[in-house]
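Peer 1: Right, I'll just put the structure down here and ask away after.
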Amino acid sequence: MADEHDHDHDNHLSETVLRVKALESLLVEKGLVDPAALDAMVDVYENKIGPRNGAKVVAKAWTDPAYKARLMADATAAIAELGYSGAQGEHMVVVENTPTVHNLVVCTLCSCYPWPVLGLPPVWYKSSAYRSRAVIDPRGVLKDFGLTVPDDVAVRVWDSTAEIRYLVLPERPAGTEGLGAEALEALVTRDTMIGTAKVMP
Amino acid sequence: MADEHDHDHDNHLSETVLRVKALESLLVEKGLVDPAALDAMVDVYENKIGPRNGAKVVAKAWTDPAYKARLMADATAAIAELGYSGAQGEHMVVVENTPTVHNLVVCTLCSCYPWPVLGLPPVWYKSSAYRSRAVIDPRGVLKDFGLTVPDDVAVRVWDSTAEIRYLVLPERPAGTEGLGAEALEALVTRDTMIGTAKVMP
Amino acid sequence: MNGVHDMGGMHGFGPVEPEANEPVFHAPWEGRVLALRRALGAWRKWNIDAGRHSIETLPPADYLRLSYYEKWLASAIKLALGAGLITQRELETGKRDPSVPVATPPLTADKVLPAILKGGPTHRETAATPRFAAGQAVRAREINPTGHTRLPRYVRGRRGMIERDHGAHVFPDSNARFLGENPQYLYTVRFSARELWGEAANPGDAVYLDLWEDYLDVA
Amino acid sequence: MNGVHDMGGMHGFGPVEPEANEPVFHAPWEGRVLALRRALGAWRKWNIDAGRHSIETLPPADYLRLSYYEKWLASAIKLALGAGLITQRELETGKRDPSVPVATPPLTADKVLPAILKGGPTHRETAATPRFAAGQAVRAREINPTGHTRLPRYVRGRRGMIERDHGAHVFPDSNARFLGENPQYLYTVRFSARELWGEAANPGDAVYLDLWEDYLDVA
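As structure tokens, this is what we get:
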């Protein structure tokens, strides 16, 4: 059974590859798309826009109290100060983790995600498992990530139902007082800014 | 695309046939099932138990007021008088269509259906389309069957969430006063006893 | 569980498409699957509620994609494996593990019709008195059990009226988990279509569900 | 629409399975699909809400079975066909219908990054005053639109509290149907987990949704 399904799956995938090629070739022939623009778009999301952007925002907020104040008051503008803006991050809100509050971001209706600061979402974020359970069983979902949130810490789930995009400002770990922004940035992973992980020193 | 899917579907079906054969042969070898019992079970539902049973119940209710009274008071017992009972009809309730009430039976959670009086359910009754829409848009579903229920007729939908099974007693059509039970029975179709059709004279 | 099987009130599945002169089975294998699953059921290793739950817990995409009898086939295999009637290895090889004795006796042909006509009533006598009475206002509980339940999502938290008392019946939520029949009063409850679906619904329309006492609160 | 995409609160999809060192794309075709759909979008024949609705209206079994980029591919084709950018016959033959002139100019490479950095803000100035204010109790409406909506089923009929006012934003329900932007106030609304899921939920937990004025009533 397993083999048979894998085989089906492989066939299916190679068909998909052919269909995408045929579609691109048709759209190019019709003048509807320019292959160089497609290359550029792939390049942007593979190489230019990703979670390192968000990590820079977080590290700056940790080390620059005035920036943090601007970030919490108007995240879109504060994030644009660092050069990050646009598609799927037009209207940003930052939610801060504290010793008593843990935030988690989801989009139950599709897969809305703050692209300018985190890049394209990982497969798990787009999965039915995550989308369905994050709102009804966030603590169970966090356990799937190895994170147990104590009962006296409030879990706040942000369901991205409109064009507001959420970035979690994780807690700065203890013992990092001596580190500068660049060293801190390296500690900040994608998942800590979605809320499925804590930053480890 | 259509061809490719049909082809997949055919492959899938012939695989299913082989899997069923392999399973039956294993279960017979293990002494868990007797092929003659399987034949008997198929024979029961192909030839013995079907909507003609329900039609007899309806025709009798139309022509025998005392029977109708017993049927409305205790459907299980009244239906058993005609020899129909058992699996998926252990606890029967009959709901009556009138000039002001139209009844429709569904099972949103699976496909519960009154087997002793109607036999096995048709594919549409088990479909996601019917199960999902019958409760939120019963009038739209009835239109799919060509039946428009006036706004001043109440639509009552019976969602078979427990082991109670529902049979609709359709309205006896005008102009059938001269007909006996046997002639009436021939007018009663399966769908009229689910509530997706009216009996036509 | 809030599974994809709990589809009352969903959109997007398209029109209902009746088939003219539909046969009882569309191919012989469908009848075999029906018969196999019921014949296996005669070993009484599971009950109807556990059987339903085995279908509800199929992967959701399979649940929507597979036909009714394909789901029955998947469920028969799942149940037989779970109950130890067959092993994974036997299923893969198609051959009986010779170390397991041949079972006996299976359901025989002469017992088939009597078993069908007898069925499996779920009504149980009880010394308890019913908590609700016809005409009483109730509210379906806002519960989200992760196991089997017969309280659909679309009525949870909604106000209805007791229509009829059916006496005590086996409670599926516990029975499906082999935690006992826990018989309790079962009621037909009437919910107005407007209570369930809002102002756009026809004011006279209603949906009736059969709900156990543990699903209901006084409104 | 109450589609299968509206899956908040469902059970049965199994554990969340993060992938270590996940690449941005798992195969080059995924990146091509992302780029193709966005490059087609640059023709402005549809908007983001219509784009989302084209995915929501995929057959439900496909919606659950297909990967994210497979859904994007299906949606790109559906949208391009619907907008007349391509014809069914072109799609089947893979060749341009010579009677249709070649379109020009498409999005060019130099415009890609600027377009991404600009994005498509949905905030709109309005002369209207907001109906609700932070701290106010509201109730999500019990509505069941058959078209696109961003009001998930799991909050309908539930009581929440206005957390924040985001000003007026394009209203997806009308925009997806090309019936206009109908900008209206958008609010973040806080729902306690207990209000949504019952007594079993942690008392301090909450879910926040961004909801438009037309989705809300005074509680």
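Chains as they are written, first to last, in this note's numbering: chain D, 960 to 1160; chain B, 960 to 1160; chain Y, 1267 to 1485; chain Z, 1267 to 1485. Ideal Cβ placement from N, Cα and C applies to all residues, glycine included.
1) Please report how far the alpha carbon of methionine 1267 of chain Z lies from the alpha carbon of valine 1282 of chain Z, in whole angstroms.
2) So, is glycine 1154 of chain B buried or exposed, given that buried needs 16 or more other C-beta atoms within 10 angstroms?
3) By the three-class DSSP mapping on this structure, what secondary structure does asparagine 1441 of chain Y have?
4) Thinking just about the alpha-carbon of each residue, which of Y:Pro1418, Y:Val1290, Y:Ala1308, Y:Pro1326 is nearest to the one in asparagine 1006 of chain B?
5) How many angstroms separate the CA atom of alanine 1459 of chain Z from the CA atom of glycine 1470 of chain Z?
6) Does the beta carbon of valine 1270 of chain Z come closer than 8 Å to any beta carbon on chain Y?
7) Output needed for tryptophan 1167 of chain B: all residues of its chain with C-beta closer than 7 Å, excluding positions within five of it in sequence on either side, in chain order.
8) Of the residues Y:Phe1444, Y:Glu1391, Y:Ala1485, Y:Val1473, which one's Cα is nearest the Cα of tyrosine 1451 of chain Y?
9) Which chain Y residues sit within Cβ distance under 9 Å of arginine 1098 of chain B?
10) With DSSP collapsed to three states, give me the class of alanine 1459 of chain Z.
11) Please confirm whether tryptophan 1312 of chain Z has its beta-carbon closer than 8 Å to some beta-carbon of chain D.
12) Find the nearest neighbour of asparagine 1410 of chain Z within the set Z:Gly1280, Z:Gln1402, Z:Gly1423, Z:His1389, judged by alpha-carbon distance.
13) If you drop the 5 nearest sequence neighbours on each side, which residues of the same chain put their C-beta closer than 7 Å to that of lysine 1015 of chain D?
14) Under the assumption that aspartate 993 of chain D contacts alanine 1375 of chain Z (Cβ atoms under 8 Å), give the Cβ distance between them as a whole number of angstroms.
15) Is there a Cβ of chain D sitting closer than 8 Å to that of phenylalanine 1279 of chain Z, yes or no?
16) Ordered along the chain, which non-local residues of its own chain (more than five positions away) have a Cβ less than 8 Å from that of leucine 1077 of chain D?
17) For the pair the stretch 1060-1067 of chain B and the stretch 1107-1126 of chain B, tell me if three or more CB-CB distances fall below 8 Å.
18) What residue range does the alpha helix (DSSP H) around histidine 1319 of chain Y cover?
19) Output the distance between the C-alpha atoms of proline 1449 of chain Y and isoleucine 1314 of chain Y, rounded to the nearest integer angstrom.
20) What does DSSP give as the partner residue(s) for valine 1052 of chain B in the beta ladder?
21) Leaving out the 5 sequence neighbours to the left and right, which residues in its chain are closer than 7 Å to leucine 1324 of chain Z when beta-carbon positions are compared?
22) Quick one: does proline 920 of chain B have its CB under 8 Å from some CB of chain Y?
23) Is threonine 1067 of chain D closer than 8 Å to valine 1094 of chain D when the C-beta atoms are compared?
24) Within 8 Å, do at least three Cβ pairs link the stretch 1025-1045 of chain B to the stretch 974-994 of chain B?
25) Taking any Cβ of chain E, which residues in the stretch 1359-1374 of chain Y have a Cβ under 9 Å from it, in chain order?
26) Anyone know if the C-beta pair for valine 1378 of chain Y and tyrosine 1335 of chain Y falls short of 8 Å?
27) Please tell me whether threonine 1353 of chain Z has its Cβ less than 8 Å away from any Cβ of chain Y.
28) Can you tell me whether DSSP reads methionine 1159 of chain B as helix, strand or coil?
29) Within the continuous alpha helix (DSSP H) that includes isoleucine 1038 of chain B, where are the two ends?
30) Which stretch, first to last residue, makes up the alpha helix (DSSP H) that contains tyrosine 1334 of chain Y?
31) Starting from the C-beta of tryptophan 1478 of chain Y, find all residues in its chain whose C-beta is less than 6 Å away, skip the five residues before and the five after it, and write them out in chain order.
32) Does the separation of the CB atoms of arginine 1405 of chain Y and aspartate 1483 of chain Y fall below 8 Å?
33) Under 6 Å Cβ to Cβ from methionine 1000 of chain D, same chain only, skipping five residues before and after it: list those, please.
34) Does the CB of histidine 1445 of chain Y have a neighbour CB from chain Z at under 8 Å?
35) Consult DSSP for tryptophan 1450 of chain Y and reduce its assignment to one of helix, strand or coil.
36) Taking DSSP as the reference, what is the three-state secondary structure of tryptophan 1162 of chain D?
Peer 2: With the structure as the only source:
1) Rounded to the nearest angstrom, the two C-alpha atoms are 26 Å apart.
2) buried
3) helix
4) With respect to the C-alpha of asparagine 1006 of chain B, the residue from Y:Pro1418, Y:Val1290, Y:Ala1308, Y:Pro1326 having the closest C-alpha is Y:Val1290.
5) 8 Å
6) yes
7) Because residue 1167 of chain B is not part of the residues shown, which for chain B are 960 to 1160, the question remains open.
8) Y:Glu1391
9) Asn1468, Asp1471
10) helix
11) no
12) Z:Gly1423
13) Leu1041, Glu1144
14) 7 Å
15) yes
16) Gly1009, Pro1010, Asn1012, Gly1013, Leu1126, Arg1149, Met1152, Ile1153
17) yes
18) 1314-1322
19) 15 Å
20) BP columns for valine 1052 of chain B point to B:Tyr1125.
21) Contacts found: Lys1337, Ala1340.
22) Outside the shown range of chain B (960 to 1160) lies residue 920 of chain B, about which nothing can therefore be said.
23) Taking 8 Å as the Cβ cut-off, valine 1094 of chain D and threonine 1067 of chain D qualify as a contacting pair.
24) no
25) Judged by its chain identifiers, the structure shown contains no chain E, and its protein chains are D, B, Y and Z.
26) It is not a contact, given that the beta carbons lie outside the stated cut-off.
27) Contacts with chain Y at 8 Å (Cβ-Cβ) do not include threonine 1353 of chain Z.
28) The three-state reading of DSSP puts methionine 1159 of chain B in coil, since its state is none of H, G, I, E or B.
29) Counting along the chain, the alpha helix (DSSP H) containing isoleucine 1038 of chain B begins and ends at 1034-1040.
30) 1334-1348
31) Excluding residues within five positions, the ones whose Cβ falls inside 6 Å are Phe1437, Gln1450, Leu1452.
32) yes
33) Cβ neighbours of methionine 1000 of chain D within its own chain (closer than 6 Å, five residues either side excluded): none.
34) Checking the sequence, you will find leucine at residue 1445 of chain Y rather than histidine. No, leucine 1445 of chain Y does not count as interfacial toward chain Z.
35) Correcting the residue type first, residue 1450 of chain Y is glutamine in the shown sequence and not tryptophan. It is a strand residue.
36) Because residue 1162 of chain D is not part of the residues shown, which for chain D are 960 to 1160, the question remains open.
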